[in-house]
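Enquirer:
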Amino acid sequence: MKRNHIKIFYLFAATALTIAGCKKDFLAIQPTDRIATSAIEADSAVFEAYVTNRYLGTQLQNKEGDGTVPGFGRGFEYSMWSSLSDESIYNNDDDTWLVQRGQLAPENLGGAGVLWARSYRGIRECNYALSVLPKITMSAGHKARIEGELKFIRAFRYQDVIRNYGGAVLVGDKVYELTDNLQDPALFKRATIKESIAYTIAQLDEATAKLPVNNDGTWLLGRATKGAALALKSRLALYAASPLYDGAGTWADAATAAQAVISLGKYGIYTGGYNRMFLENETNEVIFERLYTKNDNHTHMEIANGPNGYGGWAGNTPLQNLVDDYQMDNGKPIADPTSGYDPTHPYDHRDPRFDATVLHNGSPYRGRNIETFIPGGKDSKDGESNWNTTKTGYYLRKYMDDAYPLENPWGNAGFHPWIYFRYAEILLNFAEAANEAYGPDVIPAGATLSARTAINMIRSRPGVNMPTLAAGMSQAQMRDAVRYERRVELAFEEHRFYDVRRWKIADVTDNKPAGGVIITKASDGSFVYTPKVALDGRSFATKHYWLPIPRTEIQASGGQLQQNAGY
136 MKRNHIKIFY LFAATALTIA GCKKDFLAIQ PTDRIATSAI EADSAVFEAY VTNRYLGTQL
196 QNKEGDGTVP GFGRGFEYSM WSSLSDESIY NNDDDTWLVQ RGQLAPENLG GAGVLWARSY
256 RGIRECNYAL SVLPKITMSA GHKARIEGEL KFIRAFRYQD VIRNYGGAVL VGDKVYELTD
316 NLQDPALFKR ATIKESIAYT IAQLDEATAK LPVNNDGTWL LGRATKGAAL ALKSRLALYA
376 ASPLYDGAGT WADAATAAQA VISLGKYGIY TGGYNRMFLE NETNEVIFER LYTKNDNHTH
436 MEIANGPNGY GGWAGNTPLQ NLVDDYQMDN GKPIADPTSG YDPTHPYDHR DPRFDATVLH
496 NGSPYRGRNI ETFIPGGKDS KDGESNWNTT KTGYYLRKYM DDAYPLENPW GNAGFHPWIY
556 FRYAEILLNF AEAANEAYGP DVIPAGATLS ARTAINMIRS RPGVNMPTLA AGMSQAQMRD
616 AVRYERRVEL AFEEHRFYDV RRWKIADVTD NKPAGGVIIT KASDGSFVYT PKVALDGRSF
676 ATKHYWLPIP RTEIQASGGQ LQQNAGY
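To convert, count from 1 in the sequence shown and add 135; that's the numbering used here.
This is the structure we're talking about:
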């Protein structure tokens, strides 16, 4: 086999299992850092542990090496996906600035380079488990659940390929080995986006039929349920109907997919407060989440993103672009001259989700108010650890748990969940699709809501209580309303990067300067707010609607794997 084809093993055949031996006794040693294939195939408990670990592993890059990256979604660790969009910038780079500046290339991907190999490694691992499942001794009902679970996880991996690269290589149930013909052109043929989404949705339909409605004593919290499979189908159906996906699906189908989750009657809007929702395990709003324990905690959000005056590292610092998009609490944008916005008190009377998401000058936090002003502000460049001062004038509030310490947090932080799907996303999916297919106030056949009433359920959630939308809006007005709600309700939840691309507006949003603010305190105690550019050179080109496939993967295929246009 040619040397340049070895890489493809990590695309489709890489696994933590030992799959080959040697006749030489001195080489026939079982590694101590992995589980033998024979153990997985002979012991149902070991096999099930292998299956549940498919939620967690398969990241091929982790800068700190401590396994804290969530199993799905994020390709980075401390930097969040928000810092590849117009939500935030990562204060100390961490490979995100090259994306913001349009410098992404097949051989220059930073943390984003993990997604292709990680996804196909996960797909191969699921295929292996599915091939072994018939041999495992367990009840037929439990086998069916595990089959559904594996098809869900595999579909999640395909989703990551589709939403980042477009058309996927569909490998079916094949478990590729080094002994296979890895020069077969069929191995590298990319399906169309429509074919890729249709295949993945079909897998989710099969998963839904086999998964339980609820987690219970034999199906632990954090494992996939019918709701999780239907939620992923809803997201993919919404993407398929969006402009970037070029007719891969219809808005009517997307509305139907979201309604299927709603019709379960299981989920609702969390009433314990918008800010608390991201710190609590097992709320009624969560459909699918990753849970953490004392011995398996994740990135310590508090120290990673906290203000420098508290010993924090600033991390993912919100942009002025996002701050300016929050409405006033009367429902009017700040650019509306009748909104009541006061540029000398810019943070007063805003949508309550603003204060729950962004720490700004004057925000109450851990016993005092945030001070990002100069001169002398404790959380400004005049404060301690000024190398960790925010470049935008803001710090992250969402996900931050005041019960966890900032200093020396290891072992005492990072236990709050990471939410992959929640009910508000499903309502937003339904509202967008129903509006595009039927208009703002029509209740589709088989549905229980209109686009407008779905949005109003989110706006009227306890602790937010934003003015509800009145009847009689045009489709275009409702489209703007949906996009506003996704912008603020789902901020920092890995949606914005994909939303502006699927709407094909990233050439506008991601070409705007990365805004920040300089706050100067006058002798009378008042503040002057001066706009600034927090990160220069921000750039987005048409080719950036899709990520490039890493050059190493193209080379490993002998040039047979088709690269995305422009790269």
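Glycine residues also receive a C-beta, built at the ideal position from the N, C-alpha and C atoms.
In the DSSP assignment, what residue or residues form a beta bridge with L265?
Expert: Paired residues: none, contrary to the question.
Enquirer: Below 8 Å on the Cβ atoms is my contact criterion, and I expect R289 with Q338 to pass it. Report the Cβ-Cβ distance as a whole number of Å.
Expert: The Cβ separation is near 6 Å, so the contact holds.
Enquirer: Do three or more CB pairs link the segment 552 to 560 to the segment 476 to 495 at distances below 8 Å?
Expert: Verdict: no, contact absent.
Enquirer: Within 10 angstroms of its Cβ, does P666 collect 16 or more other Cβ (buried), or is it exposed?
Expert: The residue in question, P666, is exposed, as its Cβ has fewer than 16 Cβ neighbours within 10 Å.
Enquirer: Considering Cα atoms alone, identify which of Q690, E688 and I684 is closest to A703.
Expert: Here the chain comprises residues numbered 136 to 702, so residue 703 is not present and cannot be evaluated.
Enquirer: Just curious, the alpha helix (DSSP H) that K656 is in, first and last residue?
Expert: No alpha helix (DSSP H) contains K656, which is instead part of the beta strand (DSSP E) from A649 to K656.
Enquirer: How long is the line joining the alpha carbons of Y405 and T418, rounded to whole angstroms?
Expert: Y405 and T418: Cα-Cα distance of roughly 7 Å.
Enquirer: Using the three-state DSSP reduction, which class does R636 fall into: helix, strand or coil?
Expert: R636: helix per DSSP, three-state reduction.
Enquirer: Is the beta carbon of L531 less than 9 Å from the beta carbon of G450?
Expert: For L531 and G450, yes; Cβs fall inside 9 Å.
Enquirer: For A395 and N316, what's the separation of their Cα atoms in angstroms?
Expert: Cα-Cα distance, rounded: 42 Å.
Enquirer: Within the same chain, show all residues whose beta-carbon is closer than 8 Å to that of L399, passing over the 5 residues directly before and after it, in chain order.
Expert: These residues qualify, in order along the chain: V348, K361, G362 and L365.
Enquirer: Count the other CB atoms, across all protein chains shown, that sit within 10 Å of the CB of S220; report buried if there are 16 or more and exposed otherwise.
Expert: Per the 10 Å Cβ criterion, buried.
Enquirer: Quick one: give me the first and last residue of the beta strand (DSSP E) that D335 is part of.
Expert: Correcting the residue identity first, residue 335 is Thr in this sequence and not Asp. Careful: T335 lies outside any beta strand (DSSP E), inside the alpha helix (DSSP H) at I328 to K345.
Enquirer: To which residues does DSSP link I509 through a beta bridge?
Expert: Paired residues: T655.
Enquirer: Report all residues from its chain with a CB closer than 7 Å to the CB of K345; omit the five preceding and five following residues, and keep chain order.
Expert: Contacts found: A279, R280, E282 and G283.
Enquirer: Around the Cβ of A691, are there at least 16 other Cβ atoms within 10 angstroms (buried) or fewer (exposed)?
Expert: Flag for A691 reads buried.
Enquirer: Pick helix, strand or coil for Q697, following the three-state DSSP scheme.
Expert: Three-state DSSP puts Q697 in coil, outside helix and strand.
Enquirer: Say whether the segment 435 to 444 touches the segment 503 to 518, bearing in mind that this needs 3 or more beta-carbon pairs closer than 8 Å, one atom from each stretch.
Expert: In short, these stretches touch, since the Cβ pair count reaches three.
Enquirer: What residues in its chain sit with their C-beta under 7 Å from that of V599, if we drop five residues either side in the sequence?
Expert: Once the five neighbours on either side are set aside, the close Cβ partners of V599 are Y409, P487 and R488.
Enquirer: With a cut-off of 8 Å, do at least 3 Cβ pairs link the segment 670 to 686 to the segment 250 to 265?
Expert: Yes, the segment 670 to 686 is in contact with the segment 250 to 265.
Enquirer: Just the C-alpha distance for A149 and S179, rounded to the nearest angstrom, thanks.
Expert: Low confidence applies to A149: its pLDDT is 36, below 50, so where it sits in the model is not reliable enough to give any reading.
Enquirer: Three or more C-beta pairs closer than 8 Å, one from the segment 603 to 620 and one from the segment 268 to 275: is that the case here?
Expert: No, because fewer than three Cβ pairs between the segment 603 to 620 and the segment 268 to 275 fall closer than 8 Å, the two stretches do not touch.
Enquirer: Could you spell out where the beta strand (DSSP E) holding A669 opens and where it closes?
Expert: Element bounds for A669: F662 to L670.
Enquirer: Would L313 be called buried (16 or more neighbouring beta carbons within 10 Å of its own) or exposed?
Expert: Exposed, since its Cβ has fewer than 16 Cβ neighbours within 10 Å.
Enquirer: Taking C-beta to C-beta, are L373 and I336 nearer than 9 Å?
Expert: Taking 9 Å as the Cβ cut-off, L373 and I336 do not qualify as a contacting pair.
Enquirer: I believe L584 touches R621 by the beta-carbon criterion, under 8 Å. Please report the beta-carbon distance rounded to the nearest angstrom.
Expert: 17 Å between Cβ atoms; not a contact.
Enquirer: Can you round the beta-carbon distance between V186 and A264 to whole angstroms, since I take them to be within the 8 Å contact cut?
Expert: With 8 Å as the limit, V186 and A264 qualify as a contact, their Cβ atoms being about 5 Å apart.
Enquirer: Do you know offhand how far G382's Cα is from Y633's?
Expert: Their Cα atoms are separated by approximately 17 Å.
Enquirer: Leaving aside the five residues before and after L457 along the sequence, list all residues of the same chain whose C-beta is less than 6 Å from its C-beta, in chain order.
Expert: Excluding residues within five positions, the ones whose Cβ falls inside 6 Å are E222.
Enquirer: Which residue marks the beginning of the alpha helix (DSSP H) containing V715, and which one marks its end?
Expert: Within the shown structure, residues of the chain are numbered from 136 to 702, placing residue 715 beyond reach of any answer.
Enquirer: When the Cβ atoms of the segment 615 to 631 are set against those of the segment 507 to 525, are three or more pairs found closer than 8 Å?
Expert: The segment 615 to 631 is not in contact with the segment 507 to 525.
Enquirer: Since I654 and N496 should fall inside the 8 Å C-beta cutoff, what is the C-beta to C-beta distance between them, to a whole number of angstroms?
Expert: I654 to N496, Cβ: 5 Å. Contact.
Enquirer: From G302, G447 and L696, pick the residue whose C-alpha is nearest to that of P544; which is it?
Expert: Here the closest residue by C-alpha is G447.
Enquirer: Straight-line CA distance for P453 to D471?
Expert: Their Cα atoms are separated by approximately 23 Å.
Enquirer: With distances taken Cα to Cα, identify the nearest neighbour of H435 among T677, Y213 and P597.
Expert: Comparing Cα-Cα distances from H435 to each of T677, Y213 and P597, the minimum goes to Y213.
Enquirer: Three-state secondary structure (DSSP) at S223?
Expert: DSSP places S223 in strand when its eight states are reduced to three.
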